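Q:
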Amino acid sequence: MLTCSIIYSKPFSFIERVQMSWISVFFTRKKPIANRYLSHLMLPILLLIGQTALVEDAAAASLTLQQAIERSLTQHPQLEAMSFRAGASQAQINQAKLRTATEVQFEVEDALGSGVYEGADSAQATLSLSWALEGKQIDSRVGAAEARQSLVTIELERQRFDVGARTAQAFLTALSYQERLAVAEGARDSAAQSLEEIRRRGRAGGASRVDVLRTEVELRRRELDVEDLEHELAIARQQLAAQWGNSDSADFELLGQLQTNQTLVSMEDLKVRLKDSPRVKIFLTRARVNESEMAIAKSDALASWRFSAGVRRYEATDDFGVVAGVAIPLGKNRRNEVRVSELQAKRSVNQAMAISEESRLKARLFELYQALQHSRHQTSTLHEEIIPRLQKAVAEANKAYSVGRFTYLEWQSVKQELLDARLALISAQLSSHVNLTEIERLTGIPLSANSKEKN
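First residue of the sequence shown? That's 66 in my numbering, and the numbers climb one at a time after it.
1) When we look at the beta-carbon of N500 and count the other beta-carbons within 10 Å, is it buried (16 or more) or exposed?
2) Please report how far the alpha carbon of A315 lies from the alpha carbon of L294, in whole angstroms.
3) Note down, in chain order, each residue of its chain lying with its Cβ closer than 6 Å to the Cβ of A133, except the 5 sequence neighbours on either side.
4) Span of the beta strand (DSSP E) holding T12?
5) In the structure shown, what three-state DSSP assignment does Q324 receive?
6) To the nearest angstrom, how far is it from the Cα of V120 to the Cα of T508?
7) Nearest-angstrom Cα distance between L455 and L488?
8) Run the CB neighbour count on Q409, radius 10 Å, all protein chains shown included, and call it buried at 16 or more, exposed below.
9) Do you know offhand how far L335's Cα is from Q327's?
10) Kindly indicate the opening and closing residues of the alpha helix (DSSP H) around E183.
11) Starting from G390 and walking both ways along the beta strand (DSSP E), at which residues does that stretch end?
12) Helix, strand or coil, according to DSSP, for F16 in the structure here?
13) Would you decide whether I393 is buried or exposed? Buried here means 16 or more other CB atoms lie within 10 Å of its CB.
14) On the DSSP bridge list, what partners appear for A374?
15) If we call anything under 8 Å between Cβ atoms a contact, is L130 one with L323?
16) Is it the case that the Cβ atoms of L221 and A126 are separated by a distance below 8 Å?
17) Taking only the alpha-carbon atoms, compute the straight-line gap between E380 and S187 and give it to the nearest angstrom.
18) Classify H498: buried if its beta carbon has 16 or more other beta carbons within 10 angstroms, exposed otherwise.
Have a look at this one:
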């Protein structure tokens with residue numbers, strides 16, 4: 066069974082491993098050697114087909130955390146839109162590499178005038194090519210386009226963590242309702258058994274009519290608890306399926322468990338690696354985009370050198386000659402200084418925002434880490450100390466009530482304490498997982514040193 070405390074390795078590499086490991090299906094075709102064997106062959110084949118269909122139906126009706134996140138990452142509309150943006154950013158890089166088109170010029174001089182220039186006998190026709198020298202401009206444009214592509218990549222990475230975290234939290238919430246439902250069904254069955262026992266004792270004169278009525282009420286309450294949790298589980302499944310845009314089909318069983326024994330990365334290691342968080346890098350990358358745009362503005366402020374070369378025909382002498390030229394801009398052009406100043410200010414803002422975001426994440430990280438440690442301590446205490454003792458207490462209370470040493474109220478009180486402890490354990494486990502998921506969403510790094518899938 067899948068352990069639901071899986072931590073998403075950057076960027077959810079465990080999903081990529083699932084996508085690469087496909088299950089091969091083999092079909093065996095056998096030809097009977099005689100018609101008399103047909104009836105013997107058809108029966109096992111039909112049985113095999115029926116068993117295969119049952120297995121496929123069971124697999125289709127179950128859902129693991131890994132499968133849920135994979136569906137969200139492949140079908141979420143927001144991520145699909147970001148993938149188109151990534152394709153557009155690559156097209157922008159290709160566009161930035163293109164040079165300004167070479168120009169073809171054709172000129173006619175000394176024609177259709179007066180005197181010796183009447184007609185075209187003295188005309189001069191020139192055919193030439195001209196182009197701009199723009200090496201730095203191209204480098205600046207490509208650098209800016211690549212910086213924007215990096216920004217799209219980081220935004221996509223951040224959104225993948227957000228989508229994965231939301232899906233994980235929705236899955237874990239639904240799984241907690243599923244486990245609460247199992248506990249409630251156990252409490253309902255226990256109440257039904259208690260009612261049978263008390264009715265038997267009542268017929269024998271060992272239990273009062275009041276105890277019988279109170280046990281009947283207790284059973285009805287447990288049945289209502291089961292009904293409430295069934296509704297809550299259906300809603301949670303619907304919200305989970307909505308993560309991949311398929312809320313109309315939420316008829317599946319969640320496979321997993323909330324119990325976890327992971328070794329966490331230390332708080333100091335998380336703080337050191339916090340600079341690699343997509344939420345911090347996105348501001349630093351925006352600052353890089355500003356720097357690239359400044360380079361473009363500075364290069365565009367200077368006019369490019371232009372070269373030309375061609376041939377000229379002299380009609381009067383029936384000769385040809387080569388023409389060449391160069392245009393060199395003079396003086397210092399300051400037309401983009403305002404734009405450069407604006408981009409410098411934006412770069413400073415993004416650099417400051419990166420520092421501010423890192424500081425905010427550290428504070429939030431400390432808060433979540435403390436809550437995580439507390440919930441893990443609650444989980445271990447409930448699982449290892451409180452619940453085992455209460456289970457023994459319930460066993461002793463059953464014996465004591467059966468021999469008349471415990472009142473009905475005392476007996477039910479002990480059983481209620483065990484039920485409350487089991488529900489508290491589920492809540493503590495859910496809180497632990499939610500804190501883990503939220504920390505990874507903020508940091509973009511795996512939290513567990515030995516995180517792995519358990520089947």
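In this text, a Cβ means the ideal position worked out from N, Cα and C, and glycines have one as well. Quantities reported herein were computed from a predicted structural model and do not represent experimental measurements.
A: So, from the listed chains and residues:
1) buried
2) 16 Å
3) T232 and F236
4) Because the chain is modelled from 66 through 520, residue 12 falls outside the range shown and cannot be assessed.
5) coil
6) Because the pLDDT at V120 is just 43, under 50, the model does not fix this residue reliably, and the value given afterwards should be weighed accordingly. Looking at the two C-alpha atoms, the distance is approximately 40 Å.
7) 13 Å
8) exposed
9) 16 Å
10) Unbroken run through E183: none, as it is neither H nor E.
11) D384 to A392
12) Outside the shown range of the chain (66 to 520) lies residue 16, about which nothing can therefore be said.
13) exposed
14) L194 and A389
15) no
16) no
17) 5 Å
18) buried
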